[in-house]
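In terms of numbering that gives the first Met the number 0, the sequence shown has 216 at position 217, counting the first letter as 1, and numbering is strictly consecutive. Only one structure is covered here, and it is reproduced in the block below.
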Amino acid sequence: MIALADLALDLPLASGIVWLANGLWPWFRGLRTSPERAFVAASVLLGTWALLDWLFLHTTDLDLAILISKVRITAFSLTWLMFLYFGRWLSRTRSWVDYLAVLPVVVSILLSWTVITNGAYLVDGIPRLRRDPGWYAVFFVQTAVYLALAFGYIGWDVWKAEFAAAATRNKLAAIFSALVITMGVWMSTNAWASLTQNGGFPALSSVLVVPGVLVLAFLAPFSRKDLVAMWRKLQVSPSRPFAAIWFHNSGQPLAQVVLPGEASPDAATLADLSQAIDHVLVEGLHSGPGALRQLQHEKHSFVFEKGRDLTLVVLLRGSPSQGLRSELRSTVRGFEDAHRTELESWESASALAEEALNALDEVLTPQIL
0 MIALADLALD LPLASGIVWL ANGLWPWFRG LRTSPERAFV AASVLLGTWA LLDWLFLHTT
60 DLDLAILISK VRITAFSLTW LMFLYFGRWL SRTRSWVDYL AVLPVVVSIL LSWTVITNGA
120 YLVDGIPRLR RDPGWYAVFF VQTAVYLALA FGYIGWDVWK AEFAAAATRN KLAAIFSALV
180 ITMGVWMSTN AWASLTQNGG FPALSSVLVV PGVLVLAFLA PFSRKDLVAM WRKLQVSPSR
240 PFAAIWFHNS GQPLAQVVLP GEASPDAATL ADLSQAIDHV LVEGLHSGPG ALRQLQHEKH
300 SFVFEKGRDL TLVVLLRGSP SQGLRSELRS TVRGFEDAHR TELESWESAS ALAEEALNAL
360 DEVLTPQIL
C-alpha cells in the first residue's frame with residue numbers, strides 16, 4: 000500500500016503535468032488575445048513550479064536543491080504577476096500600472112537569488128531549506144498582495160460576466176474557489192514553514208492538482224469557438240461594444256452592425272467618425288506602447304484596429320479592455336487571411352458584405368454559454 004507521504008511526494012508531478020496542459024491547451028486551440036496569453040503564461044509557470052517542486056523533493060544533492068528552490072521562487076513570483084495581468088486585461092486596458100507591477104516581482108526574484116535562502120539540510124532523505132525569515136517575509140508580503148489583487152480582479156470578472164447558462168458560471172466559481180483554497184494552503188504550509196522555520200511538510204504543489212484538474216475538465220471539452228466565446232463573455236461590461244463598422248482602407252464603409260435595442264449612430268456622430276477614419280487611414284493614430292487606439296465622442300468610445308486592407312471600428316460606452324483590442328486585431332487578421340485577394344479594392348470587397356456582417360455579429364454577440 001502506498002504511504003500517504005510517498006503519494007504527496009509524487010503528486011507535484013501530476014500537478015505540473017495538469018497545469019502545463021491547462022496552459023498549452025488554449026494555446027494550441029489558437030487563443031492569442033492579451034488575457035489569453037497571460038492565462039497561458041500563468042498556467043505554464045505554475046506547472047513549471049510544480050515540476051520543480053517534484054524535482055526538489057526527489058534530490059539529495061543539497062546544492063542542486065538550493066538552485067531548484069531559487070528557480071522555483073522565480074516561477075512562482077512570475078505566475079501571480081501573469082494571473083494579475085489576466086484579471087486586469089479582461090476588464091481594463093493596458094497602462095503604466097502594468098509596467099510598474101513588474102518592479103516588486105523583480106525585487107522578490109533578486110531576493111530569492113541572494114539573501115532568502117541560507118542553506119539546506121536533509122530530513123529523512125528530503126531536502127529542507129534554511130530561510131532568512133525577515134527577507135522571506137518581504138517576498139511573502141509581495142506575493143500575498145499580488146495573490147489578493149489577482150483573485151480580486153478575476154473574481155470581479157467572473158461575477159460580472161453575463162453567462163446565459165448558470166452551469167458555466169457555477170463551474171468557473173468552483174474553479175476560482177479551489178484556487179483560493181489552494182493559496183490558503185500555501186500560506187499555512189510552505190509560507191508558514193519558511194517564516195517560522197518549523198520544518199513543516201510543504202504541501203502546496205501536491206494540492207494544486209485539485210484546481211488543476213477542475214480547470215482542465217472545464218476547458219478540455221470546449222471547441223475553439225466555445226473557448227473564444229467564453230473569453231469574450233469574461234471581458235465584462237462595459238468593455239463589450241454595441242456597434243461595429245468595417246471600413247475598407249480606401250475610406251469607404253463596407254458593413255455595419257448594431258445590437259438590437261441600440262440606437263444607430265446619429266448623423267453628427269457618423270460625421271465625426273468619418274473624419275476620424277480619414278485620420279486613421281492617412282496618418283494613423285499615435286499612441287504609447289500597449290495603448291488602445293481610440294477616440295472619445297461625448298459618451299461614446301471609438302476603438303480602431305487597422306489591418307492591411309480593412310479597418311474595424313467598434314463603438315462602446317465606458318472603458319474598453321485590453322482583451323478587446325486583442326480580439327479586434329484577431330478578427331481583422333482572420334478576415335483578411337480568409338479573403339486576401341478579394342479585399343484589394345472596395346469594389347471586390349463589397350461582394351463580401353454578408354461575410355463581413357457575420358464577422359461583426361460574432362464580435363458583438365459571441366455564442367451564448
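Even glycine gets a Cβ: it sits at the ideal position worked out from N, Cα and C.
- Residues of the same chain with a CB within less than 6 Å of the CB of residue 87, apart from the 5 flanking positions on each side, are 152 in chain order.
- With 16 or more other CB atoms across the displayed protein chains lying within 10 angstroms of its CB, residue 32 is buried.
- The stretch 109-125 makes no contact with the stretch 168-184; the number of CB pairs closer than 8 Å stays below 3.
- DSSP, reduced to helix, strand and coil, places residue 248 outside both helices and strands of the structure shown, so it counts as coil.
- Inclusion of residue 254 and residue 355 in the CB contact set at 8 Å is warranted, their separation being smaller than that value.
- Beta-bridge pairing by DSSP links residue 116 to 130.
- According to the DSSP assignment, residue 316 belongs to no alpha helix (DSSP H) but to the beta strand (DSSP E) extending over 309-316.
- In this structure, the beta-carbon distance from residue 338 to residue 351 falls below 8 Å.
- When only Cα atoms are considered, residue 98 and residue 146 end up about 17 Å apart.
- A distance of 8 Å or more separates the beta carbons of residue 149 and residue 77.
- Under the three-state reduction of DSSP output, residue 353 falls in the helix class.
- With a contact defined as Cβ atoms closer than 8 Å, residue 65 and residue 54 miss out at about 12 Å.
- When rounded, the separation of the alpha-carbon atoms in residue 183 and residue 143 is 10 Å.
- Taking C-beta atoms under 8 Å as the contact rule, residue 48 and residue 71 qualify, at a distance of about 6 Å.
- Contact check for residue 314 against residue 242 passes: the beta carbons are separated by less than 8 Å.
- Here the alpha carbon of residue 209 sits roughly 21 Å from the alpha carbon of residue 37.
- Under the three-state reduction of DSSP, residue 218 is assigned to helix.
- Residue environment analysis places residue 129 among the exposed positions, since fewer than 16 neighbouring C-beta atoms fall within 10 angstroms of its C-beta.
- In the structure shown, residue 94 adopts coil according to DSSP, grouped into three states.
- Rounded to whole angstroms, the Cβ separation of residue 193 and residue 120 is 14 Å, and the two are not in contact under 8 Å.
- In the three-state reduction of the DSSP assignment, residue 304 falls in the strand class.
- If you draw a straight line from the Cα of residue 325 to the Cα of residue 137, it is about 35 Å long.
- Per the Cβ contact rule, the stretch 298-308 is in contact with the stretch 330-344 (3 or more Cβ pairs under 8 Å).
- Nearest Cα to residue 52 within the set 246, 34, 91 and 8: 8.
- Cα atoms of residue 74 and residue 101: separation of roughly 14 Å, rounded to the nearest angstrom.
- Here residue 300 is buried. Its C-beta has 16 or more other C-beta atoms within 10 Å.
- Spatial neighbours of residue 15 in its own chain (CB-CB distance under 6 Å, excluding positions within 5 residues in sequence) are listed in chain order as 46, 49 and 50.
- The beta carbon of residue 335 is closer than 7 Å to those of 306, 307, 308, 309 and 342 in its chain, skipping five residues each way along the sequence.
- Ranking 80, 127, 105 and 131 by CA distance to the CA of residue 115 puts 131 first.
- For residue 34, the uninterrupted alpha helix (DSSP H) run begins and ends at 33-56, by DSSP.
- Annotation: residue 123 is outside any alpha helix (DSSP H) and is labelled neither H nor E by DSSP.
- Ranked by Cα distance from residue 250, the first of 122, 240 and 346 is 346.
- The three-state reading of DSSP puts residue 213 in helix, counting H, G and I together.
- Within the DSSP bridge table, the entry for residue 255 names 244 as partners.
- Proximity to residue 123 across 59, 321, 348 and 240 peaks at 59, based on C-alpha coordinates.
- Going by beta carbons, residue 322 and residue 56 fall outside the 8 Å limit.
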